[in-house]
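Offset between the sequence shown (1-based) and this note's numbering: plus 9.
Even glycine gets a Cβ: it sits at the ideal position worked out from N, Cα and C.
See below for the structure under consideration.
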Amino acid sequence: HEVEVGDTMAGKLQSFSIEVSRQELSLPLTLPTGQAFRWKKGSNQDEWHGVIGRSLFTLYQTDTSLHCHLHHPTARAPSPPSSISLPPPTIREARALISDYFRLDTCLADLYGNWSKRDQNFAR
Numbered sequence: 010h011e012v013e014v015g016d017t018m019a020g021k022l023q024s025f026s027i028e029v030s031r032q033e034l035s036l037p038l039t040l041p042t043g044q045a046f047r048w049k050k051g052s053n054q055d056e057w058h059g060v061i062g063r064s065l066f067t068l069y070q071t072d073t074s075l076h077c078h079l080h081h082p083t084a085r086a087p088s089p090p091s092s093i094s095l096p097p098p099t100i101r102e103a104r105a106l107i108s109d110y111f112r113l114d115t116c117l118a119d120l121y122g123n124w125s126k127r128d129q130n131f132a133r
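Okay, here's the thing in structure tokens:
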């Protein structure tokens, strides 16, 4: 489900895409609900801004792909001597964060089919 697109550092922004259909993941149905309340809509209504782990992402999607922008801070605030400064995640690590956060390894269509077989109310 991954496509190598824009894996270059462009200033302080790295971009990549993951192939996933809107039927498997719908940002407008997922991000403002449940436990994902930390996400905010961007000025472009199709964009969402949020934090996963220690990384700031901007996400938008097309019918077939999730497009991700990983933001890097331009300047770090002074850290206390006891704190550890970690490097930003690599593109591979950022993809893994997104995939894990949205559970992209789980097929939603299969779950719906299974739930519909077991629950008449769900089948409606």
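Distance between residue j and residue i (C-alpha atoms, nearest Å)
i: Q23; j: H78; result: 6 Å
i: H81; j: I100; result: 12 Å
i: K50; j: E33; result: 20 Å
i: P98; j: K21; result: 13 Å
i: G59; j: T42; result: 14 Å
i: D109; j: T67; result: 16 Å
i: L120; j: S52; result: 34 Å
Check whether residue i and residue j have beta carbons under 8 Å apart
i: R63; j: L95; result: yes
i: S125; j: A118; result: no
i: W57; j: L40; result: yes
i: F25; j: A105; result: no
Contacting residues, own chain, Cβ-Cβ under 6 Å from residue i (five flanking each side not counted)
i: L65; result: H80
i: F111; result: L34
i: S61; result: The identity of residue 61 in the sequence shown is Ile, whereas the question assumes Ser. Taken in chain order, the residues that qualify are L106 and Y110.
Candidates the options, of which the one nearest residue i by Cα
i: G75; options: G59, I61, E102 and I107; result: At residue 75 the sequence reads Leu, which differs from the Gly that was named. Selected option, being the one with the closest Cα: I107.
i: E28; options: I61, D114 and N130; result: D114
CB-CB length for residue i against residue j, believed under 8 Å
i: S30; j: D72; result: 7 Å
Close Cβ partners of residue i (< 7 Å) along its chain, the five nearest in sequence each way excluded
i: D55; result: Y69
Sequence-distant residues of the same chain with beta carbon closer than 8 Å to residue i, five excluded per side
i: N130; result: none
i: D128; result: none
i: C116; result: E33
i: N123; result: none
The ligand COA heavy atom lying under 7 Å from the CB of residue i
i: L75; result: In terms of ligand content, the structure shown is empty, and the ligand COA therefore cannot be addressed.
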